[in-house]
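See below for the structure under consideration.
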Amino acid sequence: MKFLKLNKKRKLIIVYIIATKLLFVAIQFLPVNKPKIIVTNPNDLIASTNIPKNVALQIKTSCYDCHSNETKLPWYSSIAPTNWFIYRHINKGREELNFSNWNALSKEEKEEKLDDISTVVSGDEMPLKKYSIVHPKSKLSKKEKEDIINWTYKLLGSLYK
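With my numbering as the guide, the letters of the sequence shown map in order to residues 108 to 268.
Okay, here's the thing in structure tokens:
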């Protein structure tokens, strides 16, 4: 009976809060395109190439969550609507470049991807700033960028030997 005695504005606020909570619960059951996590990838870049340890570590730290099948999902990635954005970003990143499928690429595709890596790293386009804010260890120092870029040139040179 207490609800009936509230003024119209308060009733609307209460109804809005209840509706918002119900909507939040309901969206948890919507299907999402969750990226598959596969830890063992025989075609993986790091597993299949002679990559310097420091470069491998930095690529794994800065790139693998979005550009491999070895994504480490944060706890909040299971909560809608946050998971919609995270999963879409990961799926898009894997479409662009998936290090877990490196050996499945042709030499021409590898050449294109290595050129892209060099370009986005030198242009501070990757890792994304919004990713680096949440994952500070992913931010690349000037030296780490140089190491990655030099490695891409070295690997490019070895593709056609």
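From the three backbone atoms N, C-alpha and C, an ideal C-beta is built for every residue, glycine too.
Because the structure is a prediction, the values reported are computed rather than measured.
In this structure, the alpha-carbon of Ile256 lies about 12 Å from that of Lys220.
One thing to note: Asn176 has its Cβ no nearer than 8 Å to the Cβ of Lys128.
Using a C-beta cut-off of 8 Å, the stretch 147-167 makes contact with the stretch 208-227, since at least three inter-stretch Cβ pairs fall below that distance.
If you draw a straight line from the Cα of Phe136 to the Cα of Tyr183, it is about 15 Å long. With respect to the C-alpha of Tyr267, the residue from Lys217, Asp254, Trp258, Leu247 having the closest C-alpha is Lys217. In this structure, DSSP gives Leu164 a helical state, which the three-state scheme calls helix. Annotated three-state conformation of Asp172 is helix, per DSSP. Look at Asp222 here: in three-state DSSP terms it is helix. By the neighbour-count definition (other C-beta atoms within 10 Å, threshold 16), Thr259 is a buried residue.
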